[in-house]
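There are 2 protein chains.
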Amino acid sequence: MNKTRVTELLGIEVPVIQAGMAGGVTTPELIAAVSEAGGFGTLGAGYMEPEAMKESIREVKKQTSSPFGVNLFVPEEDKSTDNDTEEAMEALHPFHEELEMKDAVRPESPSVFYEQVEGALAETVPVVSFTFGVPPEDVVTSLKQAGITLIGTATTVEEALLNEEAGMDAVVVQGSEAGGHRGTFNGRFDKAAIGLMSLLPQVADHISIPIIAAGGIMDKRGMDAASALGAEGIQLGTAFVTVKESGAEAVHKGAILKATEADTVVTSVFSGKPARGLDNRFIQEMEGRKTLGYPLQNSLTKPIRKEAERQQNTEFMSLWSGQSPRLAQDVSAAEVIRNLIGPWG
Amino acid sequence: MNKTRVTELLGIEVPVIQAGMAGGVTTPELIAAVSEAGGFGTLGAGYMEPEAMKESIREVKKQTSSPFGVNLFVPEEDKSTDNDTEEAMEALHPFHEELEMKDAVRPESPSVFYEQVEGALAETVPVVSFTFGVPPEDVVTSLKQAGITLIGTATTVEEALLNEEAGMDAVVVQGSEAGGHRGTFNGRFDKAAIGLMSLLPQVADHISIPIIAAGGIMDKRGMDAASALGAEGIQLGTAFVTVKESGAEAVHKGAILKATEADTVVTSVFSGKPARGLDNRFIQEMEGRKTLGYPLQNSLTKPIRKEAERQQNTEFMSLWSGQSPRLAQDVSAAEVIRNLIGPWG
Chain U
1 MNKTRVTELL
11 GIEVPVIQAG
21 MAGGVTTPEL
31 IAAVSEAGGF
41 GTLGAGYMEP
51 EAMKESIREV
61 KKQTSSPFGV
71 NLFVPEEDKS
81 TDNDTEEAME
91 ALHPFHEELE
101 MKDAVRPESP
111 SVFYEQVEGA
121 LAETVPVVSF
131 TFGVPPEDVV
141 TSLKQAGITL
151 IGTATTVEEA
161 LLNEEAGMDA
171 VVVQGSEAGG
181 HRGTFNGRFD
191 KAAIGLMSLL
201 PQVADHISIP
211 IIAAGGIMDK
221 RGMDAASALG
231 AEGIQLGTAF
241 VTVKESGAEA
251 VHKGAILKAT
261 EADTVVTSVF
271 SGKPARGLDN
281 RFIQEMEGRK
291 TLGYPLQNSL
301 TKPIRKEAER
311 QQNTEFMSLW
321 SGQSPRLAQD
331 VSAAEVIRNL
341 IGPWG
Chain A
346 MNKTRVTELL
356 GIEVPVIQAG
366 MAGGVTTPEL
376 IAAVSEAGGF
386 GTLGAGYMEP
396 EAMKESIREV
406 KKQTSSPFGV
416 NLFVPEEDKS
426 TDNDTEEAME
436 ALHPFHEELE
446 MKDAVRPESP
456 SVFYEQVEGA
466 LAETVPVVSF
476 TFGVPPEDVV
486 TSLKQAGITL
496 IGTATTVEEA
506 LLNEEAGMDA
516 VVVQGSEAGG
526 HRGTFNGRFD
536 KAAIGLMSLL
546 PQVADHISIP
556 IIAAGGIMDK
566 RGMDAASALG
576 AEGIQLGTAF
586 VTVKESGAEA
596 VHKGAILKAT
606 EADTVVTSVF
616 SGKPARGLDN
626 RFIQEMEGRK
636 TLGYPLQNSL
646 TKPIRKEAER
656 QQNTEFMSLW
666 SGQSPRLAQD
676 VSAAEVIRNL
686 IGPWG
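The listed protein sequences derive, respectively, from chains U and A. For the first sequence, the numbering used here assigns the number 1 to the initial residue and increments by one for each residue that follows. For the second sequence, the numbering used here assigns the number 346 to the initial residue and increments by one for each residue that follows.
Spelled out as C-alpha cells, the structure:
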C-alpha cells in the first residue's frame, strides 16, 4: 500500500489516517504532526462546542499547511423518559460517593451537529468524516458544494453500502478490534462486531468507493494485511493515543502501554454507546445498572471521569483502547508513520 | 505464503488446514479430498466414541496416503450440581414440546479423551491437534514418543505461550472471526474474542513455534493477510463446511450460503461452551435460561438438534459459521484449495 485512491483523494503522501478520537486526544499538535509526516490528522470534534472546534481548526492551520480533517458524530433521537434519567442518575451515586463528589445534575445535551457543520464550512476544512451514521442529505449537499471531501464509517457491508449511496467519497471500515466507540448505526452492536479479516474482503466485494481499514492496525504488518484484504488506506487510533503529541492523560497512555490484547471490553456505561476500552472497576460495577443513551449518559458520567482524572484514578476513567495495546509505543507521531512506511516507503 | 515451517512440519504442499470440526462435518471424504489436494485434512473427533474415531481414521487411510490429523477436546472438570442439571433440563422443556419430543433424560458424559488418545496411537495418525486446553504432560509425552506431531489452539498471547511451553509443535491462533467453538481455556471468553488483525502480530512477537491463523479466512486475500501478520499456515472451517464432501446438513450449508457477516453470534446454549454460529430462535429463546457446562449441555441439547435436523428446522439446529459467510461457496474441497493457492501456487 503506497499510492492509492486514498492518498489521491486526501492529497497525502501515505494512506495513514489518525482517527478522529473525541475527548481531547486529538490536540492540534497531534493533528499537525501526523499531517506534516505525510499522513492525515483528524480533529475528533464529536464532543466539541462549535466555537472550540473552530478555534482548534485555526490552531491546526497555524501549525501545518498539509490537509487534515474534522470528525463529527451524526446525532440520533433521544427516546429516554424522565424516569430513565432518574434511575441512571441514581446508578452513579456510589461512584460520586467514592470519589467524594456532589451527585449528578440532570444531563442536558442539545445536539451541536448542525453548528459543527457550519463551523467546518466557515473554516474551510478540506475533509469531514462522520461516525454513528450517514449524515442527512442537506449536510452532504452543502459540504460537497463547498468542495469538502466526505468520509463515512461502517461496521458491516450494509452500512458501507449506505455510506456509498449517501455520497461518501470513502468509507472507514471499522473492525471489532477497534478501540473507542463502535460506529454501528444499522443493526445490533454485538452482531456488527466483525473482525477485519472477515469484514474487509466482504465489504470490498460490495462497494466501489475506497476503503480505509480501522481496528487493531499498529504497524507495517497490519498495513500490509489491510492492503491484501482490499483496503486502500488505514486509520489508526490507539497507535496515536500513546504518542508524545497526543492529549490523552498520562495515566491513560501508561495503562495502554502496560496492557495486553485480552484486557479490553466493549461497554456502553461511559457514553451510552458501545465502545472498546480497558476493563476497570467502573465498567464492572456498572454492569446491570441503568444507563441512558448517547449523549445523555456521556454528560452524566463526565464529572466522574474528570474527577477520576484529577485524582489520577484509572478505575473510573474511560481508557479507550483497541485490541493491540502490546504494539503501542511511547514515540512521536512521525515515528509511528515512519514505522508504517517501512524502508520501501 | 507457500513453503513454510507448517508445510514442512506436516509434510504438505500448501499450508492450508481443514479445521477439525466436530459433529459430523469432517467426513473421511472431506479429509481425504483436502489432503489429496495438497492441504491438510483433520478429523473432528471431539465428540466421537473411540471405536468410531478409529473406524473413521481407517476409512481416511483407504482414501488417501497423504498426511492428515485428528482433533481432540481436552476435558475439564464438571462442577455442576444435581440442582443445576434439573434446572437446565427444565429450561429445554418448551423446545421439546414444540418439536413434539419426549423430555430430556439426565445427561451423562464420561470423558473419552484418554481412550481417544489411545486410539490415535493405535492407528498411528501423523498429527493430533487439541482444542479447549493444553493436553496433560503424560499425553504429550506418549504421543511425542510415537513420533506424532502436536498442534494446540490459542486465543490469546498467554494461551499461545502455554501451548509452546507444553511442547506443541505449532499452534492454531484462533481469532474472534472464527466459527464454531471458541478455543479459550485461560481467561474470560469475551476478553479473549480478539480479531486476527490484532491477535496474530501480538502472538508472533511472543512465540517461536509456527502460527496457523484461524478465523474468517476463506480465500487468497485472507491467506496473504495472515502471512503479512506473521502466520505460516491457515486453518479454514466455514470454507469447508459448505463444500460438496462436507458432512454438514444441506440446510446448514444453505443457511451459510445465504448469510451475511452480521448474522452470527457467540452462544453457549448448544454445547455449554461459547461457539459462533448463525443466530436463530433456539439461541434467542434460551437467553437467560439455565445451561450446564460442556459436555453436559451438549448431551442435553443433542436430541433437540437431531430432531430439528430430521424436521429440517434450522431454528433449533447449531448452525456454526464464522464471520465470512458471504465468501462461502458451493464447490469441491479441491476448488477451495485451488482458489487459495492462486495462479502463482
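Note that beta-carbon positions come from the ideal geometry of N, C-alpha and C, so glycine has one too.
Integer-rounded CB distance, given that residue j should sit under 8 Å from residue i
i: Glu137(U); j: Thr501(A); result: The Cβ separation is near 45 Å, so there is no contact.
i: Glu577(A); j: Thr349(A); result: 4 Å
i: Ala678(A); j: Val588(A); result: 5 Å
i: Gly358(U); j: Gly179(U); result: Lying outside 1 to 345, the shown extent of chain U, residue 358(U) is not represented and no answer is given.
i: Val673(A); j: Leu574(A); result: Just to set this straight, residue 673(A) is Ala in the shown sequence, not Val. 22 Å between Cβ atoms; not a contact.
i: Leu296(U); j: Val127(U); result: Rounded, the Cβ-Cβ distance is 29 Å, inconsistent with contact.
i: Thr498(A); j: Val517(A); result: 5 Å
i: Glu123(U); j: Ile31(U); result: 13 Å between Cβ atoms; not a contact.
i: Met197(U); j: Ala570(A); result: 6 Å
i: Leu437(A); j: Leu645(A); result: 6 Å
i: Ser666(A); j: Ala604(A); result: 6 Å
i: Pro50(U); j: Glu115(U); result: 4 Å
i: Glu431(A); j: Thr409(A); result: Incorrect: roughly 47 Å between the Cβ atoms, too far for contact.
i: Asp535(A); j: Val265(U); result: 6 Å
i: Ala193(U); j: Ser176(U); result: 4 Å
i: Ala367(A); j: Glu590(A); result: With a Cβ gap of about 17 Å, Ala367(A) and Glu590(A) do not count as contacting.
i: Val419(A); j: Phe475(A); result: 5 Å
Bridge-paired residues (DSSP) for residue i
i: Thr476(A); result: Phe418(A)
i: Gln547(A); result: Looking at the DSSP assignment, Gln547(A) forms no beta bridge with any residue, so it has no partner.
i: Thr149(U); result: Val127(U)
i: Ala178(U); result: None; Ala178(U) has no bridge partner.
i: Ile17(U); result: Phe40(U) and Gln235(U)
Reduced DSSP secondary structure (H/G/I, E/B, other) of residue i
i: Val516(A); result: strand
i: Ile557(A); result: strand
i: Leu645(A); result: helix
i: Ile348(U); result: Nothing about residue 348(U) can be reported from this structure: the residues present for chain U run from 1 to 345 only.
i: Ala154(U); result: strand
i: Gly690(A); result: Note that Gly690(A) scores a pLDDT of 44, beneath 50, so its modelled location is shaky and nothing firm can be said.
i: Glu680(A); result: helix
i: Thr7(U); result: helix
Residue i CB to nearest heavy atom of the ligand ZN below 7 Å
i: Gly215(U); result: Inclusion of the ligand ZN in the displayed structure is not the case, the ligand content being empty and no account of it being possible.
**Request:** Just list the beta strand (DSSP E) runs in the stretch 381-439 of chain A, keeping only unbroken ones of 3 residues or longer that don't cross its boundaries, in chain order.
**Result:** 386-389 and 413-418
**Asked** Are the stretch 209-222 of chain U and the stretch 614-633 of chain A touching, with three or more C-beta to C-beta distances below 8 Å?
**Response** no
**Prompt:** Which ranges would you report for the alpha helix (DSSP H) in the stretch 233-295 of chain U if only whole runs of at least 4 residues count?
**Reply:** 238-241, 250-258 and 281-285
**Prompt:** Okay, do the stretch 441-451 of chain A and the stretch 379-396 of chain A touch, 3+ Cβ pairs below 8 Å being the bar?
**Reply:** Judged by Cβ distances under 8 Å, the stretch 441-451 of chain A makes no contact with the stretch 379-396 of chain A, as fewer than three pairs qualify.
**Message:** For the structure I just gave you, are there three or more beta carbon pairs, one from the stretch 207-214 of chain U and one from the stretch 184-195 of chain U, closer than 8 Å?
**Reply:** no
**Prompt:** When the Cβ atoms of the stretch 254-273 of chain U are set against those of the stretch 357-364 of chain A, are three or more pairs found closer than 8 Å?
**Reply:** no
**Asked** Should the stretch 427-435 of chain A be regarded as contacting the stretch 447-462 of chain A, the criterion being three or more beta carbon pairs within less than 8 Å?
**Response** Contact between the stretch 427-435 of chain A and the stretch 447-462 of chain A is present, because at least three Cβ pairs lie under 8 Å.
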